[in-house]
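The structure appears right after this line, and notes come after that.
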Amino acid sequence: TALTDQAFVKKTVELNQQGMVSLMRFFDDMDLEYIPSQGNFICVRLGESAPQVNQALLAEGVIVRPVAKQGTFAEFLRVSIGLQKENSHFMDALRKILSRSA
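Last residue of the sequence shown: number 404 in the working numbering, and the count goes up by one each step with no gaps.
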């Protein structure tokens, strides 16, 4: 199985770490607050516009998840770490969406 294949597990962890670093740098460059994570996702704060950004990302073919419906965490979206191509697509789409609302 995949979990007993140590080479596969190592490669998967490395890809996740690379993707995490890439997204954190992107969020830093975009001056977006995020919650550092050790998992396979990261939560980014988009403020009150988080629901609208979520819908705009869906229109761009990017699926993220709201963190909560109410309270502080309603301003966050949960972004899964994907392959480099997927992460790049997310970053391009988010940059495009945020530039329209600036």
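Here a beta-carbon is modelled for each residue, glycine too, at the ideal position from N, C-alpha and C.
All values reported here derive from a predicted model rather than from experimental measurement.
task: Look up Val366 in the DSSP assignment and say whether it is helix, strand or coil.
output: coil
- prompt: Helix, strand or coil for Leu400 per DSSP?
  reply: helix
message: Distance check for Thr314 and Val381, CA to CA, integer angstroms please.
response: 17 Å
- prompt: Tell me which same chain residues have a C-beta within less than 8 Å of the C-beta of Met332, skipping the five on either side of it?
  reply: Leu396, Arg397, Leu400
- request: Please look up how many angstroms separate the CB atoms of Ile383 and Asn342, rounded, as I've assumed it's under 8 Å.
  value: 5 Å
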